[in-house]
Each structure stands twice: as C-alpha cells, then as structure tokens.
Amino acid sequence: MTKQQPYTDSIAVIGGGPAGLMAAEIIANAGYRVDLFDAMPSVGRKFLLAGVGGMNITHSEAKPDFITRYREAAPWIADWLENLDAERLQAWIHELGIDTFVGSSGRVFPTDMKAAPLLRAWLRRLREAGVQLHTRHRWLGWTTEGALRLQGPEGELNINPKACVLALGGGSWARLGSDGSWVAPLRAQGAAVRDLQPSNCGFICNWSAFLSERFAGQPLKPVVASVQDKDGQIISRRGECILTHDGMEGSLIYALSAPLREQLTTAGEARLMLDLAPDRNEVQLAAALAGSRKGQSLATLLRKKAGLDALKVALLHERFDKSQLSTAEQLARAIKQLPLSFHATRPLDQAISSAGGVQQQTLNADLMLKALPGVFCAGEMLDWEAPTGGYLLTACFASGKRAGEGVIRWLAPA
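Letter 383 of the sequence shown, counting from 1, is numbered 1575 in the numbering used here, and no numbers are missing.
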C-alpha cells in the first residue's frame, strides 16, 4: 500500500554515507528540517567498513598535489575543496571531539584508528540539530507526478519535500547499500550518467597452475609498478601488492587501476611493468649476478645476489623462459622490467569504489540537476574517482557540503 506523506516542510536527504550526512548537517544548521532516508538498517555502513584496519580519513599531501589525484575531475573537485579541504576536514573532525594524527605515509587517521567513535559523535550532533533518521527506506525514483518514491517497512511512501539531496553511493559493495540502482531512474529523468565501472580494484590474468597454487595470497614487495596512461605518459608507483589465484590486488594495483582499466577498455588488455629490485639499477644487478654460480641453482643465485624472494623468482620463470635468463645482463633486465598482462578487472561489486556516475555537464555549480530543479547529487554517485589514501572520503565530504550549501542557496528568498 502506498502512503502519502508529503514532508512538504522538510528537506529530504537520500543516503546515509559521508556525503549525505554532511549535506544533512549543513542544511540543518541553516535552520531547515531535514529528513534523512537510508536503505540499510543503520547509516554509515560503508564508512564503518572503510575503517576496518584503520580509518584513513584524509591525506596531508600539499593541496596542489592532492588535487591532481582526481585526474580529469580535478578542476571540478578543486572547486568543492575550496570550502572543505583536508585541513578544514581535520578541523571539523576535531570539533567532534576526535583527535587525529598523520601516519608515516602522510595519511591522516583518528587517534584510535576507528570509524565508529567518529560516526557516533557525528550522529549525536546531527540529532541535536534536529535531523530525523529513517532507516530501511529504499529510494525507488519518482512518481509520474514528481513525488519521491521510498519503500519503507510499512509500504511505499510518496513524499514532496522542498528539496532533495541524492547521495546514493556508487556501484560497489551492494550489500552495504551502494548498488547503483539509481542509474536507470536518473537517466529516465534526462540526467547524463556514465556507466559505473570498478575503481581501486584488482585485476585478472592467467597464472600457471604452479604460481596460482603455490603463491596465491602472498605479498609482493617492495616493487615499482609502471603503466602507460591514455596520453602516453608513464605512471610509476612504489609499494606492495598481493598475488591472487587469478591476478593481483592491493594498494599498489589500486593506485594504478584507472589507467589499467582504460587500457582494458581501449585495447582489450592492460599491461603493467614491474621492477622487482627497485633499490638497485640494472648495471648494479648485472654486476652482482655475473661470475661463476659454483653449483648454485638460479633461485639461490637470485636470492643471494639480487635479494629476490621465492615469489619474485617464480614470477621471473612465469614470464621468461630459460633462454631469456641465461646471462647476467638478461637476468638484470628481466628483474627491472617484468611485464604482466591483465585481461579483466575484478567485478564491480568487489571493487573498493566505482568510477562513472552523474556527469558534470548535467549539474549546475551547486550540484543541482539541471533537468530537475531542487534535486541535488553528492558523493560517489558523481562522475569522478580517486585512489585510496583519504582522497575518496575527502571529496565525498566536500561534495556533500557543496550540495547542502546549494540547497540553502536555492531555497533562499529572491
């Protein structure tokens, strides 16, 4: 049964992640009643999951470099960050009574490394500001008359708020509410939406049975990974990753997922180059590997003279035959330039985040849909992506603030 509950004196926020909660706070602090609806039994599910193992809230990188992390969307997101950049976000967290620290990698964490205390403090402040939370309410789109459709525990609600902020997440981790089901309703209303794709994801390739069975789950470190982007520029990152039974994943792979995914789209495969000994150059390696092996196996030689562990040695044998590893020079070159080829990403629902979404040209500067006055979008459902390391969360918070301020400006008397 459909229930008519107009909520005509309220602002509706759909989605209880960082972007939606930030929009709700901004609007409520301006004196408006806010009703926030979320499909899950509690808000902030994906936010809490992101905090498992350490809540990386933002990054201390200098602002010019910070902004470049958003690639093509950098100018758009730089505009949002004018009012809520990494420094302001940390100050906002401190106002909630949560202290932060900067880790050795430059990432910023709450002192206790947990997301739950931050979320609890934030929800307490939102309730004090009058924000009403309605969980187990799934957004379904619009009625033919333009009312918002919500499926709640007691049936469908059709509501007509003064304005609405959609902060419905991307397309990864559907079990936490981000299932991308909003794409079709928005397209039906004339919004331009780019197909959702995996971002910060693992990649799939064809390992030999030996490599897959013997080394799946083992870390590969330290290495330098390099990939060519669509403009022909070589992007290199140092770090570590994990060999899976059918590919690779981990922070180093996630950091390069955008150019790797673009190669897959344009060429049908993605090529990655690994430097297995990043602290020595090719000449140094060749010199160390030259001379008599004195009965040593190749694996022993590589371990003692080049510092390679068993996984790195196995990767060399995976990609080169014996004739290509017969001299010190060949070995050194292979160690410094080990090619890998991926033929697919991990599925979207297994990705940390998603690329694609509501495109910039379909929104105004306040993130309001041009085709639907009074309807704003925020967070990961917008068409941008970023690596892990605090960049994702920072932009989600900043977009929520921009959308919330946009609602206030739109409702302001002429």
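Just so you know, even glycine gets a beta-carbon here, dropped at the ideal spot from N, CA and C.
- Residues of the same chain with a CB within less than 8 Å of the CB of G1322, apart from the 5 flanking positions on each side, are A1220, R1225, V1226 in chain order.
- Unbroken alpha helix (DSSP H) runs of no fewer than 4 residues, entirely contained in the stretch 1403 to 1489, are found at 1443 to 1447, 1449 to 1459, 1474 to 1481, following chain order.
- When the beta-carbon positions are compared, T1250 and G1592 stay at least 8 Å from each other.
- A residue is called buried once 16 or more other Cβ atoms fall within 10 Å of its Cβ, and Q1455 is buried on that count.
- Distance from the Cα of A1557 is smallest, within the candidate group G1209, D1230, V1205, E1274, for E1274.
- With a contact defined as Cβ atoms closer than 8 Å, G1344 and R1319 miss out at about 20 Å.
- Taking C-beta atoms under 8 Å as the contact rule, S1252 and G1298 qualify, at a distance of about 5 Å.
- Counting only the Cα atoms, I1206 lies some 11 Å from M1232.
- Residue environment: K1255 is assigned as exposed (fewer than 16 neighbouring CB atoms within 10 Å of its CB, all protein chains considered).
- A distance below 6 Å between beta-carbons, with the five flanking residues on each side excluded, links S1202 to the following residues of its chain, in chain order: R1225, D1227, P1353.
- By the criterion of a C-beta distance shorter than 8 Å, L1240 is surrounded in its chain by A1307, A1308, L1311, once the five residues flanking it on both sides are discounted.
- In the DSSP assignment, I1351 falls within the unbroken beta strand (DSSP E) covering 1347 to 1351.
- In the three-state DSSP reduction, I1203 falls in the strand class (E or B).
- The Cβ-Cβ distance between C1588 and G1571 falls below 8 Å.
- In the structure shown, V1294 adopts extended strand secondary structure according to DSSP, grouped into three states.
- Between A1524 and H1509, the alpha-carbon positions lie close to 14 Å from each other.
- The distance from the Cβ of V1415 to that of D1467 is about 6 Å, consistent with a contact at the 8 Å cut-off.
- In its chain, beyond the 5 residues on either side, A1506 have a beta carbon closer than 8 Å to the beta carbon of R1406.
- Shortest Cα-Cα distance from I1259 to any of E1348, P1579, Q1522, K1422 involves P1579.
- L1368 places its beta carbon less than 8 Å from that of K1238.
- Cβ-Cβ separation between L1574 and I1527: approximately 42 Å, too far for a contact (criterion under 8 Å).
- Taking 8 Å as the upper bound for CB-CB distance, L1388 and G1598 are not in contact here, some 23 Å apart.
- In the three-state reduction of the DSSP assignment, M1247 falls in the coil class, being assigned neither a helical nor a strand state.
- In this structure, L1493 lies near L1481, with their beta-carbon atoms less than 8 Å apart.
- Distance from the Cα of G1372 is smallest, within the candidate group G1382, L1561, D1277, P1390, for P1390.
- V1475 counts as exposed, since fewer than 16 other C-beta atoms from the protein chains shown sit within 10 angstroms of its C-beta.
- Look at V1235 here: in three-state DSSP terms it is coil, with no helix or strand label.
- Bridge partners of H1326 according to DSSP: F1229.
- One Cα belongs to E1264, the other to S1515, and the distance between them is close to 43 Å.
- D1387 carries a strand assignment under DSSP once its states are collapsed to helix, strand and coil.
- Secondary structure note for C1356: it is in no alpha helix (DSSP H), and the uninterrupted beta strand (DSSP E) holding it is 1355 to 1358.
- Per DSSP, C1588 has no beta-bridge partner at all.
- Classified as buried, N1392 has 16 or more neighbouring CB atoms from the shown chains inside 10 Å of its CB.
- Using a 10 angstroms sphere on the CB of F1293, the tally of other CB atoms stays under 16, which defines it as exposed.
- Beta-bridge pairing by DSSP links G1344 to G1347.
- Burial state of A1502 is exposed, judged by a 10 Å Cβ sphere holding fewer than 16 other Cβ atoms.
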